[in-house]
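Colleague: Here it is, the structure in full.
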Amino acid sequence: MPNHSNTIAGWREWVRLPQADVEWLKAKLDTGARSSALHAFDVEEFRRDGADWVRFGIHPWQDTDADAATVELPVHDRRVIRSSTGHTQERLVVLMDVVLHDRPVTAEVTLTNRDEMGFRMLIGREALRNGFLVDAGRSFVGGRAPRDIRRRNRGRA
Numbered sequence: 010m011p012n013h014s015n016t017i018a019g020w021r022e023w024v025r026l027p028q029a030d031v032e033w034l035k036a037k038l039d040t041g042a043r044s045s046a047l048h049a050f051d052v053e054e055f056r057r058d059g060a061d062w063v064r065f066g067i068h069p070w071q072d073t074d075a076d077a078a079t080v081e082l083p084v085h086d087r088r089v090i091r092s093s094t095g096h097t098q099e100r101l102v103v104l105m106d107v108v109l110h111d112r113p114v115t116a117e118v119t120l121t122n123r124d125e126m127g128f129r130m131l132i133g134r135e136a137l138r139n140g141f142l143v144d145a146g147r148s149f150v151g152g153r154a155p156r157d158i159r160r161r162n163r164g165r166a
């Protein structure tokens, strides 16, 4: 495990997903969830060089499909995930680079439909244990997105 100091983060933060060319994505930091989760659509599994891969779309903004991005990554795992409501669902897991507070972290990310959720991404404790402390009373400790990005995220492009 890398040796670095702890970084304070709020319960919600703006993150970057370099593999998807997504510069701004509002995420909820959730120490109660083990793995991270990302809103994905048009999930399609395929084989490449003898390995399982997945192609999926990302909607970076809430309540709109504008600026969708497509990502192709190797399948890391398949897991049965229990939601906060107690329902179970088998999900594909990929390894994704997530940049939080200008620090890259490789996270195990499950792909699911988060259209009804308040955030397109949830970052769980396995990713946060890489040197982040979550202050549940604070938001956007790493900085706010520019105003035009915040407006776009609320569907007011």
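Just so we're aligned: the sequence shown equals residues 10 to 166 in this note's numbering. Note that CB positions come from ideal geometry on N, CA and C, so glycine has one too. Nothing here was measured: the structure is a model prediction, and the numbers come from that model.
May I ask which residues mark the beginning and end of the alpha helix (DSSP H) holding Asp157?
Modeller: Here the alpha helix (DSSP H) through Asp157 covers Arg156 to Asn162.
Colleague: Does the separation of the CB atoms of Val63 and Val31 fall below 9 Å?
Modeller: no
Colleague: Ordered along the chain, which non-local residues of its own chain (more than five positions away) have a Cβ less than 7 Å from that of Ile158?
Modeller: Exclusion of the five residues before and after Ile158 leaves Trp33 as the residues of its chain whose Cβ lies within less than 7 Å of its Cβ.
Colleague: Find the nearest neighbour of Arg43 within the set Leu142, Ser148, Arg91 and Ala145, judged by alpha-carbon distance.
Modeller: Residue Arg91 holds the alpha-carbon nearest to the alpha-carbon of Arg43 among Leu142, Ser148, Arg91 and Ala145.
Colleague: Suppose contacts are defined by Cβ-Cβ distances below 9 Å. Is Ile67 in contact with Ala46 by that definition?
Modeller: no
Colleague: Thinking Val107 and Ala116 are a contact (beta carbons under 8 Å), I'd like their distance in whole angstroms, please.
Modeller: 5 Å
Colleague: Go through its chain and collect everything with a Cβ distance to Gly161's Cβ below 6 Å, but skip five positions before and after it.
Modeller: Per the sequence shown, residue 161 should be read as Arg rather than Gly. If we look at Arg161 and ignore the five residues flanking it on each side, its Cβ neighbours are Trp70.
Colleague: Taking Arg134 as part of the alpha helix (DSSP H), name the residues at either end of that continuous run.
Modeller: Arg134 to Leu137
Colleague: Beta-carbon separation of Trp23 and Asp144 under 9 Å?
Modeller: no
Colleague: Identify, in the order they occur along the chain, each residue of the same chain with its Cβ nearer than 6 Å to the Cβ of Asp124, setting aside the five sequence neighbours on each side.
Modeller: For Asp124, where only same-chain residues beyond five positions count, there are no Cβ hits under 6 Å.
Colleague: Output the distance between the C-alpha atoms of Arg138 and Glu81, rounded to the nearest integer angstrom.
Modeller: 26 Å
Colleague: With DSSP run on the structure shown, which of helix, strand or coil describes Trp33?
Modeller: strand
Colleague: What separation, rounded to the nearest whole angstrom, lies between the Cα atoms of Glu53 and Phe128?
Modeller: 22 Å
Colleague: Could you name the residues of the same chain whose beta carbon sits closer than 7 Å to that of Ala29, not counting the 5 residues immediately before and after it, in chain order?
Modeller: Ile67, Ala78 and Val80
Colleague: Where does the unbroken beta strand (DSSP E) through Gly19 begin, and where does it stop?
Modeller: Thr16 to Gly19
Colleague: Can you tell me the Cα-Cα spacing of Asn122 and Ala136, whole angstroms?
Modeller: 20 Å
Colleague: List the whole-angstrom C-beta distance separating Leu26 from Met105, where the pair is believed to meet the contact cut-off of C-beta under 8 Å.
Modeller: 6 Å
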